[in-house]
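Chains as they are written, first to last, in our numbering: chain A, 256 to 365; chain B, 63 to 177. This report refers to the structure that appears directly beneath it.
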Amino acid sequence: QQNVQQSPESLIVPEGARTSLNCTFSDSASQYFWWYRQHSGKAPKALMSIFSNGEKEEGRFTIHLNKASLHFSLHIRDSQPSDSALYLCAVRPNYNVLYFGSGTKLTVEP
Amino acid sequence: EAGVTQSPRYAVLQEGQAVSFWCDPISGHDTLYWYQQPRDQGPQLLVYFRDEAVIDNSQLPSDRFSAVRPKGTNSTLKIQSAKQGDTATYLCASSRDWGPRNTLYFGAGTRLSVL
């Protein structure tokens, strides 16, 4: 069973700040990694994915993956109030099971 | 493209009552998942299907929970004799094909409260 941990549990940042969210996983054989975002009362939606070590940038969002340290992160540049949500990291260690962390609740204050 | 549809959106029960949740996945998606999400926590896998076949139901909490997908399209998750500990949002997700890079698409869920 994959163990996926997120930190911090919650975070409050001012509008325009750079935000960093962290995720660690236990299975070194894991190959597929996602970040999902869930606004209150809504469906989780896939934000970004990464399948090899390194960085991947899409707009204001950047994922960084380091498999050797069992760690990946999400960075948000110029955070907006609309970014306020529960951020979920997810790891797929085998063919089809996606395991989620417990989430980081982000609040961006205007 | 229509998304994953779930009903009902909310359910409130007394302990001991039964409840069923219904899910209509995205058309053409052969893999369907049910997750349980306690309040302010991440989703936890309950069961998943490829077409009509159950691939893994080992995480269903007990024999009070059952799930079916008889024609490989819509699916129903049922809780017999609900308990207060079952209070959570039940999410359905689907993905295209049997591939590890495929993204899961979620419905908005059914929020269950057991009093």
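For each residue, glycine too, the CB sits at the ideal point set by N, CA and C. Note that the coordinates shown come from a computational prediction; the quantities given were computed from them, not determined experimentally.
Under the assumption that residue i contacts residue j (Cβ atoms under 8 Å), give the Cβ distance between them as a whole number of angstroms.
{"i": "residue 93/B", "j": "residue 112/B", "result": "5 Å"}
{"i": "residue 169/B", "j": "residue 74/B", "result": "Between residue 74/B and residue 169/B the Cβ distance is about 19 Å, and since that is not below 8 Å, they are no contact."}
{"i": "residue 348/A", "j": "residue 257/A", "result": "5 Å"}
{"i": "residue 304/A", "j": "residue 289/A", "result": "5 Å"}
{"i": "residue 154/B", "j": "residue 98/B", "result": "So it is not a contact: roughly 11 Å between Cβ atoms."}
{"i": "residue 96/B", "j": "residue 129/B", "result": "6 Å"}
{"i": "residue 313/A", "j": "residue 319/A", "result": "In fact, because the Cβ distance is near 13 Å, the residues do not count as touching under 8 Å."}
Once the 5 residues before and after residue i are set aside, which same chain residues still bring their CB inside 6 Å of it?
{"i": "residue 366/A", "result": "Examination of residue 366/A is not possible in this model, given that chain A is present from 256 through 365 alone."}
{"i": "residue 280/A", "result": "259, 325, 346"}
{"i": "residue 83/B", "result": "139, 152, 172"}
{"i": "residue 87/B", "result": "66, 94, 156"}
{"i": "residue 341/A", "result": "293, 358, 360"}
{"i": "residue 332/A", "result": "273, 315"}
{"i": "residue 142/B", "result": "80, 126"}
{"i": "residue 119/B", "result": "109"}
{"i": "residue 308/A", "result": "320, 322"}
{"i": "residue 85/B", "result": "68, 137, 154"}
{"i": "residue 267/A", "result": "362"}
{"i": "residue 278/A", "result": "261, 327, 344, 356"}
Closest to residue i by CA distance: which of the options is it?
{"i": "residue 282/A", "options": "324/A, 337/A, 304/A, 298/A", "result": "324/A"}
{"i": "residue 370/A", "options": "361/A, 314/A, 357/A, 347/A", "result": "The question about residue 370/A has no answer, for chain A in this structure spans 256 to 365."}
{"i": "residue 144/B", "options": "120/B, 175/B, 153/B, 136/B", "result": "175/B"}
{"i": "residue 131/B", "options": "91/B, 173/B, 125/B, 70/B", "result": "91/B"}
{"i": "residue 306/A", "options": "327/A, 265/A, 294/A", "result": "327/A"}
{"i": "residue 136/B", "options": "114/B, 72/B, 98/B", "result": "114/B"}
{"i": "residue 321/A", "options": "354/A, 300/A, 286/A, 353/A", "result": "286/A"}
{"i": "residue 134/B", "options": "146/B, 98/B, 110/B, 121/B", "result": "110/B"}
{"i": "residue 296/A", "options": "64/B, 163/B, 72/B, 85/B", "result": "72/B"}
{"i": "residue 146/B", "options": "85/B, 164/B, 177/B", "result": "177/B"}
{"i": "residue 208/A", "options": "106/B, 85/B, 89/B", "result": "Since the displayed chain A opens at 256 and closes at 365, residue 208/A lies outside it and no answer follows."}
Spatial neighbours of residue i within its chain, please: C-beta separation below 7 Å, excluding the five flanking residues on both sides.
{"i": "residue 339/A", "result": "361, 362, 363"}
{"i": "residue 291/A", "result": "299, 300, 301, 302, 343, 345"}
{"i": "residue 284/A", "result": "348"}
{"i": "residue 117/B", "result": "110, 111"}
In or out: residue i buried (at least 16 other Cβ within 10 Å) or exposed?
{"i": "residue 334/A", "result": "buried"}
{"i": "residue 18/B", "result": "In the structure as shown, chain B starts at 63 and stops at 177, and residue 18/B therefore has no counterpart that could be examined."}
{"i": "residue 263/A", "result": "exposed"}
{"i": "residue 70/B", "result": "exposed"}
{"i": "residue 166/B", "result": "buried"}
{"i": "residue 108/B", "result": "buried"}
{"i": "residue 356/A", "result": "buried"}
Closer than 8 Å by C-beta to residue i: which residues in its own chain qualify, once you throw out the five before and the five after it? Chain order, please.
{"i": "residue 270/A", "result": "334, 335, 336, 363, 364, 365"}
{"i": "residue 159/B", "result": "92, 93"}
{"i": "residue 163/B", "result": "none"}
Original post:
Taking contact to mean at least 3 C-beta pairs separated by less than 8 Å, is the stretch 75-86 of chain B in contact with the stretch 102-110 of chain B?
Top reply: no
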